[in-house]
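Taking it in order: structure first as structure tokens, then the write-up.
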Amino acid sequence: MSRQSMLKNEYRGAQLGDRRLSRRLEQMGARVSQEPGRSLPDLMNTTAELAGAYRFLNHDKVTSNSVLAPHRDASLRRASLMEEVLVIHDRTTLTFKGSTRTELEDTSNGETQSCFAQLSLLVDAARSQPLGVTRLSHFLNPPRTPSETSNKEERQKESRLRRRARPKKERLSREWWRGVEETQALFPLTSHVTHVIDCDADDYALFADMDEAQCRFIIRGNHDRSIRQDGQRRILSDVLIEAPAIAGRQIELSSRPAQRRPDGARKHPPRPARSALVEIGVERITLPRTKSCDSRWPRRLKLNVVFVREPNPPEGMEPVSWKLWTNLSVETPEQVVRCVDWYCLRWLIEEYFRVWKSVCRVEKRELESRDALMNLAALLAPAAWHLMLLRNWERTEPTKPAQEVWPPLLLQTLERFAERYPLPPNPTVQQTMFSLAGLGGHLKHNGAPGLLVLSRGYHKLLRLADGFAAGLQAAKAGATAHHDVSNR
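The numbering of the sequence shown is our numbering, which starts it at 757 and goes up by one.
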């Protein structure tokens, strides 16, 4: 079984209004899934195939979500087998070199253009396994009005006033609600689905809309809000400092690279991966409606805030301090800790973005419009998910027999060609991943293999598997022919 056949259902059955477009999507998906980091001219065998690929990506009937639809449906089928499903929403900035593409925003240096991409990733809460992407949207920052003042504080005040004056439906914060609403509608009412979002989604209107729609959520707080507690108006941080912890936990913090955008660097400074011993507790909070919300939203909300604090951080490290807004039941310490554990799985979408950008190279594509670029980004989404899934098996189920998760042909090929780190009999998932990294050029003294070296090894394995399968088929045909001659 080659990777093309493994991923065929992630590209099959798209409703594009034209059978030829649907067939083209399947053909391009088979090619792209072979080596998602290669350019289209390298992947397409003929000039006609390449021209057809460009026509497909620029076709007015093709959108990023229609390209993604088969993978979305396959992801939902996988999710239907799980007891608890997390929908992790996040957005990233895609930056492209050059300044001639249409529908993109010019960056400050004038040499690149960018747009936002927002994804919804399904995760099996019990096994921490990614199940696939169900939604992809792309958009730009709202147009900015140049300020006439040179005073920094005045410019910031003008910016805040403009944001408040902008209709709520036009604000970037509403894209979070659109993502939640559209994804929730894909599930039966009886499904146990929880939406997990980072601190950029700390928005009263979003809390109210999700609570009214009975959407379960965990959203990390960003603002130190004014709240109502015991009939008095207080500041949230003061209440949480006084609150007792009810559980302790060791959590794993993923590494965070330096952000290119100044606002991102300020909100999310770089950090190394590390473990943290934290205290966990919960408070029931009455949250008054904010000034940016009109009377369409309720005057107050009652929500739970699960807090996470690190009393003794390592020297020189910023302590963990999280406020997690949720409408989940938190009656027991186990339920409170579960909220934290589920929020900690949010790093999976950060890992997905790294695969999407570094391995699938979505920002290196040479297409002329944002729509065409995002159609290709959607085409790469299943390949990014599958590479991430392989990596995640090593983390979550390292001792599991490899034959339970690896296709037989790929495992046989790896056993045959893994010369640097040969596989033992009945290998585990961890052992196969290490041998795979060896195919990609990994050396033991370099530490744990990274995404790029695993990707190189996997693509090499796919090429070897195609040749190995052809050899097996030829040997089988030769044996059959010899048997027929012998029986004459």
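Ideal Cβ placement from N, Cα and C applies to all residues, glycine included. Predicted, not measured: the structure shown is a model, and the values here were computed from it.
Assuming contact is defined by CB atoms lying nearer than 8 Å, are Leu1166 and Leu1217 in contact in what I supplied?
Along the sequence shown, one-based indexing puts residue 1166 at 410. Along the sequence shown, one-based indexing puts residue 1217 at 461. Yes.
Hey, out of Gln970, Val788, Ser795, Val818, whose CA is closest to Ala770's CA?
Translated into positions along the sequence shown, residue 770 becomes position 14. The candidate whose alpha carbon is nearest that of Ala770 is Val818.
Alpha carbon to alpha carbon, how far is Leu878 from Val1076? Give it in angstroms, no decimals.
Against the sequence shown, residue 1076 aligns to sequence position 320. Against the sequence shown, residue 878 aligns to sequence position 122. Near 26 Å, if we compare the C-alpha coordinates of Leu878 and Val1076.
I'd like the list of long-range same chain contacts for Asp980, defined as Cβ closer than 8 Å, with 5 residues on each side in sequence excluded.
Residue numbering aside, residue 980 sits at position 224 when the sequence shown is read from its first letter. Correct list, in chain order: Ile991, Leu992, Ser993.
Within 10 angstroms of the Cβ of Met1073, are there 16 or more other Cβ atoms? Answer buried if so, exposed if not.
As a first step, residue 1073 must be located in the sequence shown, where it is residue number 317. Met1073 should be labelled exposed.
Could you check what DSSP says for Asn978 in three-state terms: helix, strand or coil?
On the sequence shown, position 222 is the one that residue 978 refers to. Correct three-state label for Asn978: coil.
Taking 8 Å as the cut-off, does the segment 1113-1126 touch the segment 1085-1095 (at least 3 CB pairs, one atom from each stretch)?
The segment 1085-1095 is not in contact with the segment 1113-1126.
Below 8 Å on the Cβ atoms is my contact criterion, and I expect Tyr1177 with Gly1194 to pass it. Report the Cβ-Cβ distance as a whole number of Å.
The residue you call residue 1177 lines up with position 421 of the sequence shown. The residue you call residue 1194 lines up with position 438 of the sequence shown. Rounded, the Cβ-Cβ distance is 4 Å, consistent with contact.
By alpha-carbon positions, which one of Ala1032, Cys1095, Cys1049 ends up nearest to Phe1063?
Working through the sequence shown from its first residue, we reach residue 1063 at position 307. The option with the nearest alpha carbon to Phe1063 is Cys1095.
Short check: CB of Leu848 to CB of Ala830, under 8 Å?
Taking the first residue of the sequence shown as 1, we reach residue 848 at position 92. Taking the first residue of the sequence shown as 1, we reach residue 830 at position 74. Residue 848 is actually Thr in this sequence, not Leu. Contact: no.
Answer yes if the segment 853-861 comes into contact with the segment 1146-1162, meaning at least three C-beta pairs across the two stretches below 8 Å, and no otherwise.
As far as the Cβ criterion goes, the segment 1146-1162 does not touch the segment 853-861, which means the pair count is below three.
Using C-beta distances below 6 Å, list every residue in its chain close to His845, excluding the 5 sequence neighbours before and after it, in chain order.
For the purposes of this step, residue 845 is identified with residue 89 of the sequence shown, where counting begins at 1. If we look at His845 and ignore the five residues flanking it on each side, its Cβ neighbours are Ser876, Gly935, Ile953.
Would you check if the distance between the CB atom of Arg1027 and the CB atom of Ser1011 is smaller than 8 Å?
If you number the sequence shown from 1, residue 1027 lands on position 271. If you number the sequence shown from 1, residue 1011 lands on position 255. Result yes, Cβ atoms of Arg1027 and Ser1011 sit closer than 8 Å.
Just to confirm, does Phe1173 get its C-beta within under 7 Å of one of the non-hydrogen atoms of the ligand NAD?
Only the bare structure without any ligand can be found here, which leaves the ligand NAD out of the picture.
By how many angstroms is the C-alpha of Asn1060 removed from the C-alpha of Asn984?
By one-based count along the sequence shown, residue 984 stands at place 228. By one-based count along the sequence shown, residue 1060 stands at place 304. The question names Asn, but residue 984 is Arg in the sequence shown. Using only the alpha carbons, I get a separation of about 13 Å.
Exposed or buried, what is Gln940 when buried is set at 16 or more other beta-carbons lying within 10 Å of its beta-carbon?
Within the sequence shown, numbered from 1, the residue matching residue 940 stands at position 184. The residue is buried, with at least 16 neighbouring Cβ atoms inside 10 Å.
Check whether the Cβ of Arg984 lies closer than 8 Å to any Cβ atom in chain B.
Among the protein chains of the structure shown there is no chain B, as only one such chain exists.
From the DSSP output, in three-state form, read off Glu1153 for me.
Position 397 of the sequence shown holds residue 1153. It is coil, neither helix nor strand.
Per DSSP, what kind of secondary structure is Gly1245 in: helix, strand or coil?
The requested residue 1245 is not part of the displayed model; the chain covers only 757 to 1244.
Thinking C-beta only, is Phe963 closer than 8 Å to Trp1081?
The sequence position of residue 1081 within the sequence shown is 325, counting from 1. The sequence position of residue 963 within the sequence shown is 207, counting from 1. Taking 8 Å as the Cβ cut-off, Trp1081 and Phe963 qualify as a contacting pair.
So the candidates are Ala961, Ala957, Arg1045; which of them puts its Cα closest to the Cα of Gly977?
The residue labelled residue 977 in the question sits at position 221 within the sequence shown. It is Ala957.
Which residues mark the beginning and the end of the alpha helix (DSSP H) in which Ala809 is found?
As a working mapping, residue 809 is identified with position 53 in the sequence shown. Here the alpha helix (DSSP H) through Ala809 covers 803-813.
Pull up the distance between the alpha-carbon of Met757 and that of Met1144, whole angstroms please.
Walking along the sequence shown from the start, residue 757 turns up at place 1. Walking along the sequence shown from the start, residue 1144 turns up at place 388. Bear in mind that the predicted position of Met757 carries a pLDDT of just 44, short of 50, making it too unreliable to give a figure here.
Given this structure, state the Cα-to-Cα distance separating Glu937 from Ala1137, to the nearest angstrom.
Working through the sequence shown from its first residue, we reach residue 937 at position 181. Working through the sequence shown from its first residue, we reach residue 1137 at position 381. Taking the straight line joining both Cα atoms gives about 21 Å.
Who are the Cβ neighbours of Leu777 in its own chain at under 8 Å, not counting the five residues just before and after it?
Position 21 of the sequence shown, counted from the start, is the residue given in the question as residue 777. Same-chain partners within the cutoff: Ala770, Phe812, His815, Lys817, Val818.
Distance, Cα to Cα, Arg1040 vs Lys1058?
As a first step, residue 1040 must be located in the sequence shown, where it is residue number 284. As a first step, residue 1058 must be located in the sequence shown, where it is residue number 302. Each residue's Cα considered, the two are about 7 Å apart.
In its own chain, which residues sit with a C-beta less than 6 Å from the C-beta of Asp967, not counting the 5 before and 5 after it?
Sequence index remark: in the sequence shown, residue 967 carries index 211 (1-based). Hits under 6 Å: Asn1083.
What's the gap between the Cα of Ala1003 and the Cα of Val1038?
One-based indexing of the sequence shown puts residue 1003 at position 247. One-based indexing of the sequence shown puts residue 1038 at position 282. Rounded to whole angstroms, Ala1003 to Val1038 spans 10 Å at the Cα level.
With a floor of 3 residues, list each beta strand (DSSP E) that falls wholly inside the segment 1024-1091, ordered by position along the chain.
Entirely contained in the segment 1024-1091, the beta strand (DSSP E) runs reaching 3 residues are, in chain order, 1030-1044, 1056-1065, 1077-1082.
Here's the rule: buried if 16 or more other CB atoms are within 10 angstroms of the residue's CB, otherwise exposed. What is Pro898?
On the sequence shown, residue 898 is found 142 positions in, with the first residue counted as 1. By the neighbour-count rule (16 or more Cβ atoms within 10 Å), Pro898 is not buried but exposed.
So for Pro886, helix, strand or coil by DSSP?
Walking along the sequence shown from the start, residue 886 turns up at place 130. Pro886 falls in the strand class under three-state DSSP.
In this structure, does DSSP put Ser870 in helix, strand or coil?
By 1-based counting over the sequence shown, the position of residue 870 is 114. Residue state, collapsed to three classes: strand.
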